[in-house]
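Under the working numbering, the letters of the sequence shown match residues 117 to 277, in that order.
Below: the structure, in structure tokens.
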Amino acid sequence: MAETGTLVFDAQDKVLGRLASHVARTLLVTRREGDPKRVIIINAEKAIVTGAKDTILADYDRKYKLNHPRKGPFFPRMPDMILKRTVRGMLPYQKKSSGRQAVKDLRVMIGTPTNLKGEALPDGHEWGDTSKIDRPLPDRFVRLGDISKHLGAKTSRWSDV
């Protein structure tokens, strides 16, 4: 099976769980249909988690502090890796090879690479359909970049982006 294209999703102002489940479903369905596509998610630091800021930060703090520095379980601090781990959690990663292959087809990026800027995409790339998960911005939310900053990640990769 040869890859036949790339879908690009913009995570800006998208709810983390909705985006992750939509991407996971897209990865599995395209693989099952025999037409596997690579998926790129851009602007990972601008994805949002809905709810009260102190509650969300406490939850992520608790998850991060569960680990042992050398033995694990390892929980990421960078926004791109948090988003990738969220998508991985919605795939049959440990049970089936299709889930492991789907994770290999996923790329998550902080900011927007220069070749993907603008409305026109390179050949073989197309925008992913997010019409089902588009929602107005809620009153209470936290951006993934702010969660990463709270966990102690270096913000130099996205604070000036």
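Ideal placement from N, C-alpha and C gives every residue a C-beta, glycine not left out.
By the three-class DSSP mapping on this structure, what secondary structure does residue i have?
i, result
"VAL277", "Low confidence applies to VAL277: its pLDDT is 49, below 50, so where it sits in the model is not reliable, and the reading given next is rough at best. Residue state, collapsed to three classes: coil."
"LEU222", "strand"
"ASP151", "coil"
"THR246", "coil"
"ARG259", "strand"
"THR146", "helix"
"THR122", "strand"
"THR228", "coil"
I need the straight-line Cα distance from residue i to residue j, nearest angstrom please.
i, j, result
"MET206", "GLY234", "30 angstroms"
"VAL219", "THR122", "14 angstroms"
"VAL124", "ILE156", "5 angstroms"
"LEU222", "ASP170", "30 angstroms"
"HIS266", "ASP129", "19 angstroms"
Go ahead and label residue i buried or exposed: buried means 16 or more other beta carbons lie within 10 angstroms of its beta carbon, across all protein chains shown.
i, result
"LYS200", "buried"
"TRP76", "Given that the chain is displayed from residue 117 to residue 277, the structure contains no residue 76 and the question cannot be resolved."
"ALA136", "buried"
"GLU161", "buried"
"ASN183", "exposed"
"GLY150", "exposed"
"PRO189", "exposed"
Inset, instruction - Starting from the N-terminal side, write out each stretch of the alpha helix (DSSP H) that is 4 residues or longer and does not extend beyond the region 177 to 217. - result: 195 to 205
Inset, instruction - Specify whether the region 139 to 146 and the region 228 to 242 touch according to this definition: at least 3 beta carbon pairs, one from each stretch, less than 8 angstroms apart. - result: no
Legend entry - At least 3 beta-carbon pairs within less than 8 angstroms: the region 178 to 187 vs the region 242 to 254: no
Inset, instruction - Count the CB pairs spanning the region 146 to 153 and the region 254 to 270 that are closer than 8 angstroms, and state whether there are at least three. - result: no
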